[in-house]
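K.L.:
Before I ask anything, let me first share the structure, which is written out below as structure tokens.
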Amino acid sequence: MAVKANQFNISLLVFTNKLRVLVSFLLLGLIFFPFDSEAEPLFNHSASQCGQIDIKKMNDKSANELESIYCGFKIGLKYPPKYTYFGIYKFSTQNNIDGHVMHENAKIKKSCEFGYSQVTGLLESKFPSASINCSKFKDYDELMFDESKAVVPSVAPTANLAESAEVIVISGYQPTKKIIKINVDRPNSKVLLILTTAEKTNWIITATPTTVISGIVTTNQYHKSTITTSVDTKVYATSLAYAYKTDSQNFVSLLNELSLLFGVTRVDVFRGSYYVPANVNINSIDAPTNALTIDGPRPKRPANSVNFTLLTSTFKKADWTLEGPYKKENSSYLGDGACLMRRYTASDSGNEIFSPNESGLDIRLQNVRSLESIKLPLNFPKFTWGSDTAYDAKRKIITLVSHGGVAYLYRYNTLKKEWVDFHLLSNNGIRTITYEPIYDRYIAWSDRGELVQISSQGDVKLAVNVISLLTGIGLIYDVANSPGPCLSLAANGNDVALIDIDIKGKVRLIWHYNFSSNKAELTYKSPKD
Numbered sequence: 023m024a025v026k027a028n029q030f031n032i033s034l035l036v037f038t039n040k041l042r043v044l045v046s047f048l049l050l051g052l053i054f055f056p057f058d059s060e061a062e063p064l065f066n067h068s069a070s071q072c073g074q075i076d077i078k079k080m081n082d083k084s085a086n087e088l089e090s091i092y093c094g095f096k097i098g099l100k101y102p103p104k105y106t107y108f109g110i111y112k113f114s115t116q117n118n119i120d121g122h123v124m125h126e127n128a129k130i131k132k133s134c135e136f137g138y139s140q141v142t143g144l145l146e147s148k149f150p151s152a153s154i155n156c157s158k159f160k161d162y163d164e165l166m167f168d169e170s171k172a173v174v175p176s177v178a179p180t181a182n183l184a185e186s187a188e189v190i191v192i193s194g195y196q197p198t199k200k201i202i203k204i205n206v207d208r209p210n211s212k213v214l215l216i217l218t219t220a221e222k223t224n225w226i227i228t229a230t231p232t233t234v235i236s237g238i239v240t241t242n243q244y245h246k247s248t249i250t251t252s253v254d255t256k257v258y259a260t261s262l263a264y265a266y267k268t269d270s271q272n273f274v275s276l277l278n279e280l281s282l283l284f285g286v287t288r289v290d291v292f293r294g295s296y297y298v299p300a301n302v303n304i305n306s307i308d309a310p311t312n313a314l315t316i317d318g319p320r321p322k323r324p325a326n327s328v329n330f331t332l333l334t335s336t337f338k339k340a341d342w343t344l345e346g347p348y349k350k351e352n353s354s355y356l357g358d359g360a361c362l363m364r365r366y367t368a369s370d371s372g373n374e375i376f377s378p379n380e381s382g383l384d385i386r387l388q389n390v391r392s393l394e395s396i397k398l399p400l401n402f403p404k405f406t407w408g409s410d411t412a413y414d415a416k417r418k419i420i421t422l423v424s425h426g427g428v429a430y431l432y433r434y435n436t437l438k439k440e441w442v443d444f445h446l447l448s449n450n451g452i453r454t455i456t457y458e459p460i461y462d463r464y465i466a467w468s469d470r471g472e473l474v475q476i477s478s479q480g481d482v483k484l485a486v487n488v489i490s491l492l493t494g495i496g497l498i499y500d501v502a503n504s505p506g507p508c509l510s511l512a513a514n515g516n517d518v519a520l521i522d523i524d525i526k527g528k529v530r531l532i533w534h535y536n537f538s539s540n541k542a543e544l545t546y547k548s549p550k551d
């Protein structure tokens with residue numbers, strides 16, 4: 023029994039000595055390496071569990087979550103400007119991670135420079151050695167960015183920068199991160215780099231060795247963006263629009279500004295997005311397209327034909343097709359796309375001209391030049407705003423639609439000189455309407471950019487959003503931030519002509535849409551003045 027007691031006392035003494043050494047070691051560590059009470063945990067797991075590193079904070083700056091396979095815990099030891107992660111890891115010999123057997127009491131200590139973090143490395147199978155590597159933080163460039171050392175361009179660009187150069191435009195509303203890194207990889211090419219955003223952006227520019235950048239131009243219209251680059255080039259600033267898509271008024275403005283500055287009529291690369299991505303690599307030019315030119319998209323020949331008439335400002339009918347007027351004449355037309363002017367519809371003979379007024383319908387007789395106002399019956403609901411009229415040649419009925427609030431469709435018999443009925447419209451955004459004779463129905467245009475099918479009795483049957491299919495419409499209307507324009511309509515079966523007329527009465531654009539294919543094409547574009 024005495025022998026066993028002695029053995030027990032010896033074992034207890036050995037254990038106590040080991041424990042004393044361990045405690046002393048930890049105390050020394052805390053003395054020489056002060057405890058960082060504010061540090062985020064390196065591990066979200068107990069000493070006996072295995073899992074992923076979760077680093078969300080470094081030097082009080084936000085960071086991406088970094089993942090790697092480790093086990094254990096962190097004693098928060100830190101001394102600037104380095105970070106020391108020190109831990110005692112306990113694993114059973116049965117634990118196996120990535121083929122490496124973990125041993126008990128493996129000790130790890132590693133110091134990493136500012137901007138780096140311990141996220142790679144494995145415990146070696148030979149106890150007690152271990153290795154951990156320092157890995158660059160995912161947001162290293164943003165963490166290390168010093169805005170005071172960046173250049174704020176102020177010099178206006180010179181006109182010769184675009185000579186024999188590829189014009190590259192990177193544009194958007196705002197950056198996704200504090201810094202935006204642009205790498206230009208155009209070997210043996212000369213490049214003019216145009217950078218525009220609505221909000222302040224810190225640009226970092228790099229280029230491959232044989233890429234020649236003639237200049238970097240950014241905007242100073244809204245803010246003071248910065249440029250950081252090691253490329254041998256000059257940086258400039260001027261007033262430039264931003265654009266995040268080619269089919270927009272802003273893109274037209276940007277191209278016009280570049281044309282005035284450098285004499286260019288097209289850009290070779292356009293990278294546009296509302297949020298400019300953190301990393302943009304340019305290694306090829308875009309495929310040639312008219313959308314990248316100052317002239318914009320070109321009309322195409324329509325697959326089917328739609329013949330129609332437009333009313334001139336003198337209330338005369340003029341014959342048109344999807345590709346333009348039958349006769350070239352210097353006429354102005356009624357039915358502006360800005361929805362500012364009253365809209366008119368002619369009878370099949372052209373002698374009667376109809377238009378909505380404040381309380382009903384106006385009928386103008388061309389042969390006697392008289393105007394008659396027809397009020398709605400007392401038992402008919404009043405309308406907020408009369409949008410447009412359409413003439414049903416089959417029944418000799420003029421149809422009036424209202425817009426806004428509670429919307430209605432009203433029918434008036436031009437032969438009997440009496441109102442027929444009214445119908446509540448489930449779509450209260452109707453702005454223009456036309457009668458389509460083949461299927462005996464109405465086709466209407468809503469302020470949401472829809473083509474709406476309405477039966478001859480006034481029931482809404484179908485609404486199809488087509489405004490996104492109309493190439494070039496964004497060049498003249500801000501369709502993203504305002505109600506849709508008032509496009510005039512003509513229809514023949516499933517084929518519809520959508521006509522844009524400006525406030526001066528000029529036909530600017532015509533599109534052809536087909537309900538069966540759900541496709542639209544630009545078929546007419548007015549010549550530039």
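Residue numbers for the sequence shown follow this note's numbering, so the first one is 23 and each next one is one higher. We put the beta carbon where it would ideally sit given N, CA and C, even for glycine.
Since Leu276 and Leu262 should fall inside the 8 Å C-beta cutoff, what is the C-beta to C-beta distance between them, to a whole number of angstroms?
P.N.:
About 6 Å separates the two Cβ atoms, so the contact holds.
K.L.:
Compare the beta carbon distance of Val488 and Tyr535 with 7 Å and say whether it is the shorter of the two.
P.N.:
Their beta carbons are under 7 Å apart, which means Val488 touches Tyr535 by this criterion.
K.L.:
Do Gly346 and Leu497 have their C-beta atoms closer together than 7 Å?
P.N.:
Against a cut-off of 7 Å, the Cβ pair of Leu497 and Gly346 comes out as no contact.
K.L.:
Taking C-alpha atoms, which residue in Tyr266, Gln388, Glu169 lies nearest to Ser193?
P.N.:
Comparing Cα positions, the closest option is Tyr266.
K.L.:
Put Gln74 into one of helix, strand or coil per three-state DSSP.
P.N.:
Residue confidence is low: Gln74 scores 33 on pLDDT, short of 50, so the model does not pin down where it sits. No coordinate-derived value is stated.
K.L.:
Please state if the CB of Tyr297 and the CB of Gly527 are separated by a distance shorter than 7 Å.
P.N.:
For Gly527 and Tyr297, no; Cβs fall outside 7 Å.
K.L.:
Find the nearest neighbour of Phe330 within the set Pro403, Thr456, Lys397, judged by alpha-carbon distance.
P.N.:
Measuring from the Cα of Phe330, the nearest candidate turns out to be Thr456.
K.L.:
Determine the direct distance from the alpha carbon of Val328 to that of Asn352, and round the result to whole angstroms.
P.N.:
Spanning the two alpha carbons is a distance of roughly 22 Å.
K.L.:
May I have the straight-line CA-CA distance separating Thr336 from Ile385, to the nearest angstrom?
P.N.:
So the two alpha carbons sit approximately 15 Å from each other.
K.L.:
Helix, strand or coil: which one does DSSP assign to Asn487?
P.N.:
In the structure shown, Asn487 sits in a strand (DSSP, three-state: E or B).
K.L.:
Suppose contacts are defined by Cβ-Cβ distances below 7 Å. Is Ser510 in contact with Ile525 by that definition?
P.N.:
No. Outside cutoff.
K.L.:
Judging by CA-CA distance, which residue of Thr233, Thr240, Thr250 is the nearest neighbour of Met166?
P.N.:
Cα-wise, what sits closest to Met166 is Thr250.
K.L.:
Would you kindly work out how many angstroms separate the C-alpha atoms of Cys508 and Thr223, rounded to a whole number?
P.N.:
Roughly 38 Å separates the two Cα atoms.
K.L.:
State the beta-bridge partners of Pro378 as determined by DSSP.
P.N.:
For Pro378, which the question treats as bridged, DSSP gives the partners Leu383.
K.L.:
Going by beta carbon distance, what residues of the same chain come within less than 8 Å of Ser468, once the five residues before and after it are set aside?
P.N.:
Closer than 8 Å at the Cβ level, and outside the excluded window around Ser468, lie Asn449, Gly451, Ile452, Arg453, Val474, Ala485, Gly506.
K.L.:
Give a yes or no on whether the C-beta atoms belonging to Lys541 and Leu531 are separated by under 7 Å.
P.N.:
No. Outside cutoff.
K.L.:
How far does the alpha helix (DSSP H) with Glu279 in it extend, from its first residue to its last?
P.N.:
Segment 271-284, the alpha helix (DSSP H) holding Glu279.
K.L.:
Give me the Cα-Cα distance between Leu544 and Asp443, rounded to the nearest whole angstrom.
P.N.:
Roughly 37 Å between the two C-alpha positions.
K.L.:
Just to confirm before moving on: does the CB-CB distance between Leu437 and Lys418 stay below 7 Å?
P.N.:
Closer than 7 Å, so yes.
K.L.:
Would you report the Cα separation of Pro378 and Tyr430, rounded to the nearest angstrom?
P.N.:
Each residue's alpha carbon lies about 13 Å from the other.
K.L.:
Should Thr260 go down as buried or exposed, given a rule of 16 or more other Cβ atoms within 10 Å for buried?
P.N.:
When all chains shown are included, Thr260 counts as buried.
K.L.:
State buried or exposed for Thr268, treating a residue as buried only when at least 16 other CB atoms are found within 10 Å of its CB.
P.N.:
With 16 or more other Cβ atoms within 10 Å, it is buried.
K.L.:
Is the stretch 238-248 touching the stretch 302-320, taking contact as three or more C-beta pairs under 8 Å?
P.N.:
No: fewer than three Cβ pairs fall under 8 Å.
K.L.:
Short of 7 Å in beta carbon distance, which residues of its chain neighbour Thr198, apart from the five on each side in sequence? Order them along the chain.
P.N.:
Contacts found: Tyr297, Val298, Pro299, Ala300.
K.L.:
In the structure shown, what three-state DSSP assignment does Lys550 receive?
P.N.:
If DSSP states are grouped into helix, strand and coil, Lys550 belongs with coil.
K.L.:
In three-state terms, what does DSSP make of Glu164?
P.N.:
If DSSP states are grouped into helix, strand and coil, Glu164 belongs with the helices.
K.L.:
Where does Leu497 sit, in a helix, a strand or coil, going by DSSP?
P.N.:
If DSSP states are grouped into helix, strand and coil, Leu497 belongs with the helices.
K.L.:
Within 10 Å of its beta-carbon, does Val174 have 16 or more other beta-carbons around it, so buried, or fewer, so exposed?
P.N.:
Looking at its Cβ environment, which holds fewer than 16 other Cβ atoms inside 10 Å, Val174 is exposed.
K.L.:
Mind checking whether Leu383 and Tyr434 have CB atoms under 7 Å apart?
P.N.:
Contact flag set, yes.
K.L.:
Which residue from Val529, Trp533, Ala187 puts its Cα closest to that of Pro549?
P.N.:
For Pro549, the nearest C-alpha among the options comes from Val529.
K.L.:
Please list, in chain order, all residues of the same chain as Ser369 whose beta carbon is under 6 Å from its beta carbon, the five residues on each side excluded.
P.N.:
Contacts found: Tyr413.
K.L.:
For Asp462, tell me which candidate among Asn373, Glu279, Gly480, Pro321 has the shortest Cα-Cα distance.
P.N.:
Looking at the Cα atoms, Gly480 is the closest of the given residues.
K.L.:
Identify every residue that forms a DSSP beta bridge with Phe405.
P.N.:
Note: Phe405 sits in no beta bridge, so no partner.
K.L.:
Determine, using beta carbons only, whether Thr232 and Pro209 come nearer to each other than 7 Å.
P.N.:
It is a contact, given that the beta carbons lie within the stated cut-off.
K.L.:
Helix or strand or just coil, what does DSSP make of Leu214?
P.N.:
Three-state result, Leu214: strand.
K.L.:
May I ask which residues mark the beginning and end of the beta strand (DSSP E) holding Asp443?
P.N.:
Note, Asp443: beta strand (DSSP E), 440-446.
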